[in-house]
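Worksheet for the structure shown next.
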Amino acid sequence: LLRPETLERLTQIRTGSTHRQHSQSALSLLTIERKDSQGFGRVVRNENGSIRQIVEEADCTPEQLAIRELNPGIYCFDAQWLWENLSLLTPSSTGEYYLTDMVGIAVEQGQDVMTAPASPDETLGINDRSQLAVAAQALRQRINTDHMLSGVTIVDPASTYIDADVTIDQDSTILPGTHLQGSTTVGAGCLIGPDSRIVDSAIGDACRVEYSVIEQARMDRGSEVGPFGHLRPGAHLGEDVHMGNFGEVKNSRLGKGVKMGHFSYIGDATVGDNANIGAGTITCNFDGVSKNRTTIGDDVFLGSDTLLVAPVTLGARARTGAGSVVTRDVEEDALVYGVPARRPRAGESSRQPDSNE
């Protein structure tokens with residue numbers, strides 16, 4: 021929760037590297053002001069405004085309890101001074117040793133003690149799951165606000181979850197229920213969500229992800245996934261790929277312009293440009309012992325419910341009839357169909373329909 025600039029300010033005021041200060045201090049600390057002061061020590065100052073001591077809440081007088089400048093417990097010490105003076109600490113009435121007493125010790129020695137203000141949301145205490153949720157919400161709000169100020173549209177920040185290391189380019193829109201996690205990157209002009217989860221993945225410009233899960237995968241410019249698609253680790257969609265509802269891709273590359281409308285599984289495969297993957301197509305990549313690869317050439321047309329029993333290769337512009345079970349390699353421009361899939365016999369029509377029909 022602590023911002024880097026806050027920690028830099030804390031160290032700078034101790035070392036005297038600010039423009040208003042030129043001498044080193046024994047220690048510096050952050051202070052906050054908040055209405056709910058329960059559990060915090062009070063920062064007590066003298067009539068000149070210099071810090072005098074920190075008093076833990078249990079030891080405060082009624083007047084000290086009214087103080088709203090609080091100690092969140094974040095310090096920057098001169099290490100040598102600290103080790104030389106730690107032995108001066110004495111136990112409290114409960115037998116505890118308060119590190120906060122080092123402030124009073126430094127003041128008694130004539131040492132400078134410097135303070136720097138911090139935002140309350142940087143210093144939230146986390147002692148239970150309820151407080152953890154409050155802190156997570158504060159961090160989420162900060163992350164989402166930073167993205168929106170950088171040109172990203174987040175329709176409902178309260179229901180959008182973006183990890184700190186995620187990057188999103190301008191003019192992308194994040195719809196409600198979206199989770200962007202890990203080292204995910206999202207390009208410009210994308211539409212992500214609703215209700216999508218993307219983990220450690222690279223999403224190119226102008227992509228669309230709808231009601232889908234993407235894990236350790238890559239989408240190139242203009243690709244679409246969903247609704248209800250799943251890109252598993254190693255999946256790579258080339259430019260302008262359309263992967264519709266209930267599709268799954270694992271450890272495979274789909275070339276530019278591939279169409280995979282619905283209800284298909286592509287695993288351990290290479291798919292050439294502009295191939296059409298009919299509904300229900302499955303690469304049967306596991307033989308019970310090991311995973312095997314499938315290679316599908318450019319402009320291949322796979323009919324609905326085609327089963328590709330790996331290892332198998334389909335040459336460019338090959339076609340399969342609906343329901344085919346392909347167990348052998350298919351040559352370029354060939355048509356196969358049936359179980360097992362074969363080329364038409366003599367007298368059977370081998371006409372391939374024109375793509376415009």
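Counting from 21, one number per residue, gives the positions in the sequence shown under the working numbering.
Backbone N, C-alpha and C define an ideal beta-carbon position, used for all residues, glycine too.
(request) May I have the straight-line CA-CA distance separating T114 from G207, to the nearest angstrom? (result) For the purposes of this step, residue 114 is taken as residue 94 along the sequence shown, with counting starting at 1. For the purposes of this step, residue 207 is taken as residue 187 along the sequence shown, with counting starting at 1. If I take the Cα positions, the gap works out to 57 Å.
(message) Residues in the same chain with beta-carbon distance under 7 Å from D260, minus the five sequence neighbours each way, listed in chain order, please.
(response) Walking along the sequence shown from the start, residue 260 turns up at place 240. Excluding residues within five positions, the ones whose Cβ falls inside 7 Å are G242, S243, K276 and G277.
(request) Give the straight-line distance between the Cα atoms of T135 and Q129, rounded to the nearest whole angstrom. (result) Here residue 135 refers to the residue found at position 115 when the sequence shown is read from its first residue. Here residue 129 refers to the residue found at position 109 when the sequence shown is read from its first residue. Approximately 17 Å between the Cα atoms of the pair.
(request) Return the CA-CA distance between G321 and Q190, expressed in angstroms with no decimal places. (result) On the sequence shown, residue 321 is found 301 positions in, with the first residue counted as 1. On the sequence shown, residue 190 is found 170 positions in, with the first residue counted as 1. The displayed chain sequence assigns Phe, not Gly, to residue 321. Approximately 37 Å between the Cα atoms of the pair.
(message) Within 10 Å of its beta-carbon, does G59 have 16 or more other beta-carbons around it, so buried, or fewer, so exposed?
(response) Here the question's residue 59 lines up with position 39 in the sequence shown. Classification of G59: exposed, given that the 10 Å Cβ count is below 16.
(request) Would you identify the three-state DSSP class for G61, choosing helix, strand or coil? (result) As a working note, residue 61 is residue 41 in the sequence shown. Reduced to three states, the DSSP call for G61 is strand.
(message) In whole angstroms, give me the CA-to-CA distance for S344 and G317.
(response) Stepping through the sequence shown from its first residue, residue 344 is reached at position 324. Stepping through the sequence shown from its first residue, residue 317 is reached at position 297. C-alpha separation (whole angstroms): 17 Å.
(message) Given this structure, state the Cα-to-Cα distance separating H39 from I33, to the nearest angstrom.
(response) On the sequence shown, residue 39 is found 19 positions in, with the first residue counted as 1. On the sequence shown, residue 33 is found 13 positions in, with the first residue counted as 1. Note that H39 scores 47 on pLDDT, short of 50, meaning its location in the model is unreliable; the coordinates nonetheless yield the value given after this. Between H39 and I33, the C-alpha separation is close to 9 Å.
(request) Kindly indicate which three-state DSSP category S272 falls into: helix, strand or coil? (result) Your numbering for residue 272 matches position 252 in the sequence shown. The answer is coil: DSSP assigns S272 none of H, G, I, E or B.
(message) I believe E230 touches G246 by the beta-carbon criterion, under 8 Å. Please report the beta-carbon distance rounded to the nearest angstrom.
(response) The residue you call residue 230 lines up with position 210 of the sequence shown. The residue you call residue 246 lines up with position 226 of the sequence shown. Right, their Cβ atoms sit about 4 Å apart.
(message) Tell me the rounded alpha-carbon separation between P24 and L30.
(response) As a working note, residue 24 is residue 4 in the sequence shown. As a working note, residue 30 is residue 10 in the sequence shown. When rounded, the distance between both Cα atoms is 10 Å.
(message) For T51, tell me which candidate among A78, T35, G93 and S45 has the shortest Cα-Cα distance.
(response) Along the sequence shown, one-based indexing puts residue 51 at 31. The residue from A78, T35, G93 and S45 with its alpha-carbon nearest to that of T51 is G93.
(request) Give me the Cα-Cα distance between E377 and V356, rounded to the nearest whole angstrom. (result) Along the sequence shown, read from residue 1 onward, the residue named residue 377 stands at position 357. Along the sequence shown, read from residue 1 onward, the residue named residue 356 stands at position 336. Interpretation of E377 is limited by its pLDDT of 40, a score under 50 that renders its predicted location unreliable; no figure is taken from the coordinates.
(message) Does L152 come out as helix, strand or coil in the three-state DSSP assignment?
(response) As a position in the sequence shown, residue 152 is number 132, starting the count at 1. Residue state, collapsed to three classes: helix.
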